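Trainee: Before anything else, here's the structure in question.
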Amino acid sequence: MAKLASKSNRTRPQGKRGPVRTAKTAKARSKAGRRHSVKPVGTKVSGKPPVAAPKDKWVYSFGGGKAEGRTGMKDFLGGKGANLAEMAAIGLPVPPGFTITTGVCTYFYANKQTYPQALKAQVEAALLEVGKIVGKTFGDPDDPLLVSVRSGARASMPGMMDTVLNLGLNDKTVEAVAKKSGDRRFAYDSYRRFITMYGDVVLGIEHLLFEDILDGHKDRHGLKLDTELSADDWADVVERFKNLVAEEHGKPFPQDPHEQLWGAIGAVFGSWMNQRAITYRRLHGIPESWGTAVNVQAMVFGNMGETSATGVAFTRNPSTGEKRLYGEFLINAQGEDVVAGIRTPQEITEAARVISGSGRPSMETAMPKAYKELVRYSGVLEKHYRDMQDLEFTVEQGRLWMLQTRNGKRTAKAALKTAVDFANERLITREEAVARIEPASLDQLLHPTIDPTAERKVIATGLPASPGAASGEVVFSPDEAEQLKAHGHKVILVRVETSPEDIHGMHAAEGILTTRGGMTSHAAVVARGMGKPCVSGAGTIRVDYAAGTMSAGGLTLKKGDIITIDGGAGQVLVGEAKMQEPELSGEFATLMGWADKVRKLGVRANADTPADARVAVKFGAEGIGLCRTEHMFFEEGRIRSVREMILSDDETSRRAALAKLLPMQRADFVELFVVMGERPVTIRLLDPPLHEFLPHSQAEIAEVAGAMGADPKKLANRADELAEFNPMLGFRGCRIAIAYPEIAEMQARAIFEAAVEAGKRTGKAVKPEVMVPLIATKAELDLIKARIDAMAKEVHKETGVRVKYSVGTMIELPRAALRAEEIAQSAEFFSYGTNDLTQTTFGISRDDAASFLGIYTAKGILPADPFVSIDRDGVGELIRIGNERGRKARPGLKLGICGEHGGDPASVAFCHEAGLTYVSCSPFRVPIARLAAAQAALGKGGDRTA
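Numbering (our numbering), first residue to last: 6 to 951.
See below:
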């Protein structure tokens, strides 16, 4: 899947339906594209190169049953190079080649796009070694060695960087290849592929211009498929391609194989900094400093007739985790043919062919010998790497060659199943299974699918490329998808096919729909990696980019119309379908059980309603770490009483208004306590500034005044009095309870009376934890705690029931963290409000920081958005200080966090290291926190780039 995307890093352009590009624009791009040109090899540069490999070794060879590198050298060799070396070393049939290390890429950018002086000699020596193994010489006009040049970062980045195949062909060597192979058509087919890729990747000539020439030739001769073109056809196309290069590039197509090679190497290193690679790294937390390796490998050809083929395979199903070989192949093809969607791929196994209903033979039937070898090698690699593998292979005239293996990208569902299965098969331990799942990926499992009882207005069917379902507005442009997402719209990105340049729009969309491409297309691979539903190859849909429409099933839909895609069934539905919540059982329950046995951190949920609490319990929350009582005040029917209380001139009037709120708040707490049973529930007293509850426009004020029987002018004046320039630092939190203690008293009474009532209903002891927000001094907490304790005594006296409760505080001000020893003398627990602690530590508002935080992270000023992942050096240091000083005064002090960071895996890892008792997060992130806590206990976590 991802493999062939890396062979041809751009899928076939849109052709006549795509955006119009002229020769003029291509020429401009060609000039810009010369960004890949570099100084001659061996140019002296100042400064020392980084230590990329021992003794300035920049090139590692593999092939012929041996290898200089191994898997453990992934940082130097990149993932692809390390795995090629490993496969060669364990005896698999790997075309020989060599890897130029990631250190050269680092050197390349640190030294004005030049290379280490020793590199040229090492590359030439490696080329000679490859030639000896295959019995050919690079550049030999009579029997040339042809090579591929591919990228290979240490982290998989499918399709994001550039690749060149068939390198070494020119006007002389193409005839030599034709003579040697006895197949002139194959030789010229390979030459036209090389010119297209080299022209695009190295010379910067628009791929579409080559495709237009090819399409024109096929139209003139009444041909549809590339395989229908003869040797003379390809020779004619080659001449036209070379003329295009001369016109656009201003120079003839390069004939010197060595010039071709260094141009391709420079292009691959240059592609590390192309926009799609930059975007991919940003989305996946891959450091720019890692760089990419370059792999130069002897070509093997899948386009040598009916006994040759190319394909990709997974050792298990990457969507479901089923233990069965899964993939696609094409006879008489090279890799880009599979991902381009020009020809429909064929199934590898006969079972898959039967399920798909395809009339074309599977690899198991058409190439039984190669298929048996592929099955055997798949088993060898899976056991060797102890993980599901993603393979790329070529069959050249009946002989199978393994071109790549790597741990396969998979959906969260498949990841869970394969991890549990591998543990049950005793290939890995249960702890390894727990460590293997990316916590954030669990989010894929916690979202709706289409309700089986819902009416399905299916207008088209494609391939079930990535499971899950999503509804949204139709958009045809990745830029539009990103723009609409920023404005709160949910969109489905509809494309004829996607390419790596669409990555930003795919990330913004709820789901992806393409009319071309198979299960191994770019759209399918990227969507599965992102956890987004995708339907690919919906061939009955006609997309008109210019008109902004899609037509299917007798309907024409325009941009903005709503559709639903079902990535599990491959269906496209008109309108918004009814969804249902997922069932979390099976492998999910098994793995989470293993995780819970390992983790030390408790995991609670932030929940304000009984519905939130039920979801939290379903997902394994051990309590509520934050109940924000003000959310209950905003409900219709209550807001009037809140406003009456705020507008009151004296305590008597305020208490009268609060008396109306008491039964409402008490009823909420009763329900919450009943749902949670004996699990602890932390309830925060009123926190936001009072002006948030008041109307602001004249019309709203008049409406509220009329309902209350109050003077609109008085209400407006009161709203003005309460208005604040910076309410984040204003009259809020404990300051309200100190100014108006009757508010805290009402809330405390509601909590204790509810605890008594819930205890009677359930027969279980309720454990409320009353939390005072925004404390800066012990004196503040003492004043409010005295009121809470007094109310607990009153309720005990009235009901005869003694409620076990505790009083603590939120640590969300730097002063509170610094004075934690003093505050802990009164507080029985701390809960770090990391949202506000981050704001007050940095002196920035998260509501306004988006305008510059992106710049800060891009420039490396901050490693990550501090509102997403805890700032370990600043905010984290305050937390450590608060922990140490708080526990000095109260050794058994319970410590937690309840900010948004509680569901961020890297922040959870920090909390484990800092010795917190628990984290609290939104209900839907509870499983993520549970798994992240387990991984932290196992020593895995905290590195966002791992």
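Idealized CB from N, CA, C, for every residue including glycine.
Source: prediction; values computed, not measured.
By Cβ distance below 8 angstroms, which residues in the same chain neighbour residue 356 in space, the five residues on each side in sequence not counted?
Mentor: Only 329 meet the Cβ criterion.
Trainee: Spatial neighbours of residue 575 within its chain, please: CB distance less than 6 angstroms, with the 5 preceding and 5 following residues excluded, ordered by chain position.
Mentor: Excluding positions up to five away in sequence, the list reads 466, 467, 468, 469 and 540.
Trainee: Is residue 128 near the ligand FAD, with its Cβ less than 7 angstroms from a heavy atom?
Mentor: Of the ligands one can find in the structure shown there are none, so the ligand FAD has no counterpart to examine.
Trainee: Do residue 931 and residue 608 have their C-beta atoms within less than 8 angstroms of each other?
Mentor: Yes; because the gap between Cβ atoms is below 8 angstroms, this pair is in contact.
Trainee: Under DSSP, the alpha helix (DSSP H) around residue 867 begins and ends at which residues?
Mentor: Here residue 867 belongs to no alpha helix (DSSP H), and DSSP marks it neither H nor E.
Trainee: Cα separation between residue 218 and residue 229?
Mentor: Approximately 14 angstroms between the Cα atoms of the pair.
Trainee: Taking residue 248 as part of the alpha helix (DSSP H), name the residues at either end of that continuous run.
Mentor: First-last of the alpha helix (DSSP H) with residue 248: 236 to 254.
Trainee: Shortest alpha-carbon distance to residue 788 belongs to which of 814, 807, 809 and 86?
Mentor: The shortest Cα separation from residue 788 among 814, 807, 809 and 86 belongs to 814.
Trainee: Should residue 906 go down as buried or exposed, given a rule of 16 or more other Cβ atoms within 10 Å for buried?
Mentor: Residue 906 is buried by the Cβ-count criterion.
Trainee: Does the count of Cβ pairs from the stretch 239 to 247 and the stretch 149 to 159 closer than 8 angstroms reach three?
Mentor: Result no; under three Cβ-Cβ pairs closer than 8 angstroms.
Trainee: Indicate whether the contact test is met: 3 or more Cβ pairs, each with one atom in the stretch 197 to 209 and one in the stretch 264 to 281, closer than 8 angstroms.
Mentor: Verdict: yes, contact present.
Trainee: How big is the Cα-Cα spacing for residue 783 and residue 832?
Mentor: Approximately 9 angstroms, taken between the alpha carbons.
Trainee: Look up residue 295 in the DSSP assignment and say whether it is helix, strand or coil.
Mentor: Looking at residue 295 - three-state DSSP - the assignment turns out to be helix.
Trainee: From residue 411 to residue 421, what does the alpha carbon distance come to, in whole angstroms?
Mentor: If you take the alpha carbons of residue 411 and residue 421, they lie about 18 angstroms apart.
Trainee: Going by DSSP, which residues form a beta bridge with residue 71?
Mentor: DSSP, once it has assigned bridges, lists 68 as partnering residue 71.
Trainee: If you draw a straight line from the alpha carbon of residue 501 to that of residue 414, how long is it in whole angstroms?
Mentor: Near 24 angstroms, if we compare the C-alpha coordinates of residue 414 and residue 501.
Trainee: When you compare only the Cα positions, how much space is there between residue 227 and residue 401?
Mentor: Residue 227 and residue 401: Cα-Cα distance of roughly 29 angstroms.
Trainee: Look up residue 518 in the DSSP assignment and give the residues it is bridged to.
Mentor: In the DSSP output, where bridge partners are listed per residue, residue 518 has 499 and 540.
Trainee: What is the DSSP secondary structure of residue 304, counted as helix, strand or coil?
Mentor: It is coil, neither helix nor strand.
Trainee: Does the contact criterion of 3 or more C-beta pairs under 8 angstroms hold for the stretch 760 to 770 versus the stretch 660 to 678?
Mentor: Yes: at least three Cβ pairs fall under 8 angstroms.
Trainee: Measure the C-alpha to C-alpha separation of residue 93 and residue 882 and round it to an integer number of angstroms.
Mentor: Between residue 93 and residue 882, the C-alpha separation is close to 48 angstroms.
Trainee: For residue 659, tell me which candidate among 321, 186 and 751 has the shortest Cα-Cα distance.
Mentor: Selected option, being the one with the closest Cα: 751.
Trainee: Using the three-state DSSP reduction, which class does residue 953 fall into: helix, strand or coil?
Mentor: Given that the chain is displayed from residue 6 to residue 951, the structure contains no residue 953 and the question cannot be resolved.
Trainee: In the DSSP output, which residue or residues are listed as bridge partners for residue 777?
Mentor: Bridge partners of residue 777: 814.
Trainee: Just to confirm, are residue 398 and residue 522 a CB contact at a threshold of 8 angstroms?
Mentor: Contact: no.
Trainee: Tell me whether the stretch 176 to 187 and the stretch 140 to 152 touch, counting them as touching only if at least three CB pairs, one residue from each stretch, are closer than 8 angstroms.
Mentor: The answer is yes - the stretch 140 to 152 touches the stretch 176 to 187, with three or more Cβ pairs under 8 angstroms.
Trainee: Specify the secondary structure class of residue 609 as computed by DSSP and reduced to three states.
Mentor: Of the three classes helix, strand and coil, the one that applies to residue 609 here is strand, per DSSP.
Trainee: Is the number of C-beta pairs between the stretch 433 to 448 and the stretch 934 to 946 that are closer than 8 angstroms three or more?
Mentor: In short, these stretches touch, since the Cβ pair count reaches three.
Trainee: If you compare alpha carbons, which of 670, 520, 163 and 892 is closest to residue 395?
Mentor: Of the candidates 670, 520, 163 and 892, the one whose C-alpha sits nearest the C-alpha of residue 395 is 163.
Trainee: Per the DSSP calculation, residue 548 is bridged to which residue(s)?
Mentor: 555.
Trainee: By how many angstroms is the C-alpha of residue 424 removed from the C-alpha of residue 940?
Mentor: When rounded, the distance between both Cα atoms is 14 angstroms.
Trainee: In angstroms with no decimal places, state the Cα-to-Cα distance between residue 708 and residue 740.
Mentor: About 30 angstroms.
Trainee: Let me know the secondary structure DSSP gives residue 861 once reduced to three states.
Mentor: Correct three-state label for residue 861: helix.
Trainee: Please report the straight-line C-alpha distance between residue 535 and residue 724, rounded to a whole angstrom.
Mentor: For residue 535 and residue 724, the distance between alpha carbons rounds to 46 angstroms.
Trainee: Give me whichever residues DSSP pairs with residue 926 in a beta bridge.
Mentor: Looking at the DSSP assignment, residue 926 forms a beta bridge with 610.
Trainee: By DSSP, does residue 916 sit in helix, in strand, or in coil?
Mentor: DSSP places residue 916 in helix when its eight states are reduced to three.
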